[in-house]
Structure formats: structure tokens, C-alpha cells
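> Position 105 of the sequence shown, counting from 1, maps to 105 under full-length UniProt numbering, and the rest follow consecutively.
Positions of the beta carbon are idealized from the N, C-alpha and C atoms, including for glycine.
Sharing a structure with you now.
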Amino acid sequence: MTEPIGYRRHEFVPTKRLLEAGVPVIIWSDWDADPILPITSMIRTLQPKSVPDLKIAIKLWTWNPAHSLRQDDDTNSLEKGTYAECICKIVNAGVDSYRTYFPEPGPTHCR
């Protein structure tokens, strides 16, 4: 007998098990047009079954993707002097919304 698909199958990507196995996990920062998807993904990633702590989660969103593109020496880490893509929270007329800001034309340095 097969098990039904339901709440126990919500873990589409077993992030914690992959990390424990030494797999270099990447969580991307490019999103669909739906503004809720980035927030949902971040919340799901920070669940105890996914990633052990925030420090590791930040690495999965920043350094690991840059490393996979061979750009880890100068981009996508939250350190002084490195290039960074920033997520800006915008409050407009009492309604919170999020958008990604890409620096133009030069680098944005974390300070």
C-alpha cells in the first residue's frame, strides 16, 4: 500500500538532509512575479527541519550561489567591500511590499 501525499510530503527539497550529507545547497534569490513566494521560501527554509540556523541559511542565499557561478571572491556575501544585491522593504501608504534593488551602474558595498 502506498502512502497518501499530504502534509508529510510538504518537504519537497530535504534541505537539512542534503546539508548533513555534504551537498552544496543553493537557495536562489530570483523569484516569480508573485510577491509572496520569496517570503514563503525564506520562512520554509528557516524551519527546524530545513536549516539548523540563520547563519547557514544566509550562506545558502548568498555565498553558495556566488560560489557556483565562480563569483564568490567579490560578490554575494554580507561582508564589507563585497558586491551585494539588496532586498529593500518599501512602506507605501501603510502597505508593506518588497522589491529587489539591483545597484546601477556600480557596486553596492556592505558597510
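Taking residue 14 and residue 64 to be in contact with their CB atoms under 8 Å, please state how far apart those CB atoms are, rounded to whole angstroms.
Mapped onto the sequence shown, residue 14 falls at position 14. Mapped onto the sequence shown, residue 64 falls at position 64. Contact flag wrong, Cβ pair sits at about 16 Å.
> Where does residue 50 land, buried or exposed, given buried means 16+ other C-beta within 10 angstroms?
On the sequence shown, position 50 is the one that residue 50 refers to. Buried: at least 16 other Cβ atoms inside 10 Å.
> Note down the Cα distance separating residue 58 from residue 79, rounded to an integer number of angstroms.
Here residue 58 refers to the residue found at position 58 of the sequence shown. Here residue 79 refers to the residue found at position 79 of the sequence shown. For residue 58 and residue 79, the distance between alpha carbons rounds to 12 Å.
> Which two residues bound the contiguous alpha helix (DSSP H) that contains residue 17?
Counting from one through the sequence shown, the residue named residue 17 turns up at place 17. Note, residue 17: alpha helix (DSSP H), 15 to 20.
> Does the Cβ of residue 69 have 16 or more other Cβ atoms within 10 Å, making it buried, or fewer, making it exposed?
Indexing the sequence shown from 1 puts residue 69 at position 69. With fewer than 16 other Cβ atoms within 10 Å, it is exposed.
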